[in-house]
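Note that the sequence shown covers residues 4 to 288 in the numbering used here.
Even for Gly, the Cβ is constructed at its ideal location relative to N, Cα and C.
Here the structure is a predicted model, which is why all the values come from computation and not from measurement.
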Amino acid sequence: MAARIISGTEISAKRLDRLTERVTKLKAAGVTPGLAVVIVGEDPASQVYVRNKEKACARVGIFSEKIELSTSATQDELLAVVAMLNARTDIDGVLVQFPLPDHLNEDEVIEAISVDKDVDGFHPESIGRLVVGKETFVSCTPAGVMVLLEESGVVLEGKNVVVVGRSHNVGKPAALLCLEKNATVTICHSRTEDLAGHVGSAEVLIVAVGRPEMIKGQWIREGAVVIDVGINRLADGRLVGDVEFEEASKRASAITPVPGGVGPMTVAMLIENTVHAAVRHAGIT
Ligand code: NDP
């Protein structure tokens, strides 16, 4: 039987509608959430991502400001912008769009962002709080993965979850979040032996690698739920995920498409984090 499609487009739209209602009430109470997005250079993909974030802010009615720096901006100039945004009371969330040009140090920039404005959830303190199960800003993509699973009625407790990819911003936090939900979690990476065997054991499979269709449909366990985080543009212009969608759909019980799966959730969770930051800054419980 063909897999049920988990539509990030639909689930994120519902989430943004709910956030719009929340923001309307907050504004009536004198609180306007604000997000600052810093972009350095002209990378076309980054420009598209930033535009999508600005559109989502406008949709829910939160204030957004884009700060553009030239490709030749220095580390000190970038850090000065971050410090200025940390200090501004009308800004609740600060996001620096990555990747940065090679001469800039991303780690130092991440650590310069105030933890209470770290709506991307990349700061080591935010990640550390996640490790110890404390409330924190969760990185937007794995947070979106969890919402997709929850909204699709997938119960993780006791399930075998396999996460392929161990990046700080996607794979590791996704694994930790599943562990918090009492799943039994396996993390695979580039040195994993018998990847197909691990994938075949997954009742829930989360893939964040960045290699087009590397997870073969035949590897998928019958009835598994498949969340494909990967976004890869092929030479012919098509966007595909890290999973062979057509073949995987024949075996999975539910699967996210690419595009229209995890991607739209990432933006929705950024807006949600920004609204939470504003609520905290305003001292509303
Ligand atoms: P990274 O490049 O940071 O991490 C990729 C991970 O994949 C690494 O842990 C790497 O292992 C692992 N890997 C690489 N090759 C293999 C292999 N042959 N077998 C098993 N594991 C392998 O990527 P990200 O986590 O940032 O992103 C992953 C994908 O998700 C990309 O396609 C990206 O575009 C997409 N993405 C999508 C988002 C969305 O909104 N939908 C947001 C963020 C990312 P090792 O650690 O050993 O090197």
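Can you check whether the CB of residue j is closer than 8 Å to the CB of residue i?
i	j	result
VAL122	THR277	yes
VAL84	ILE70	yes
VAL165	VAL212	no
LEU374	LEU159	In the structure displayed, the chain extends from 4 to 288; residue 374 sits before or after that span and is not available.
CYS181	THR269	no
ASN185	GLY161	yes
ASP95	GLY37	yes
VAL51	GLN100	no
ILE234	VAL202	no
GLU247	ILE218	yes
THR74	PRO104	yes
ASP231	THR195	no
SER67	GLU57	yes
Could you check whether the Cβ of residue i sits closer than 7 Å to any heavy atom belonging to the ligand NDP?
i	result
THR144	yes
LEU198	yes
SER256	no
ASP121	no
THR1	Since the displayed the chain opens at 4 and closes at 288, residue 1 lies outside it and no answer follows.
VAL243	no
ARG54	no
ILE1	In the structure as shown, the chain starts at 4 and stops at 288, and residue 1 therefore has no counterpart that could be examined.
SER204	no
GLU269	The sequence shown places Thr at residue 269, rather than the Glu named in the question. Indeed, a heavy atom of the ligand NDP lies less than 7 Å from the Cβ.
ARG132	no
SER170	yes
ILE234	yes
List the endpoints of the continuous beta strand (DSSP E) containing residue i.
i	result
ALA39	37 to 43
LYS69	66 to 72
ASP231	228 to 231
VAL210	207 to 210
Kindly say whether residue i, judged by its beta-carbon, lies nearer than 8 Å to any beta-carbon of chain D.
i	result
PHE101	You won't find chain D in this structure, because it holds only one protein chain.
DSSP has residue i in a bridge; who is on the other side?
i	result
ILE190	VAL166
ASP243	The sequence as given places Val at residue 243; Asp does not occur at that position. ASN235.
ILE8	ILE258
Can you tell me where the alpha helix (DSSP H) holding residue i begins and where it ends?
i	result
ILE14	11 to 31
PRO215	Unbroken run through PRO215: none, as it is neither H nor E.
LYS56	47 to 63
VAL84	78 to 90
ALA199	198 to 203
Practice prompt. With a floor of 4 residues, list each alpha helix (DSSP H) that falls wholly inside the region 92 to 176, ordered by position along the chain.
Written response: Every alpha helix (DSSP H) of 4 residues or more that sits fully in the region 92 to 176 is shown, in chain order, as 109 to 115, 127 to 134, 143 to 154.
Discussion item. To test your reading of the DSSP string, which unbroken alpha helix (DSSP H) runs of 4 or more residues are found completely within the region 247 to 282?
Written reply: Along the length of the region 247 to 282, whole alpha helix (DSSP H) runs at least 4 residues long occupy 248 to 254, reported in chain order.
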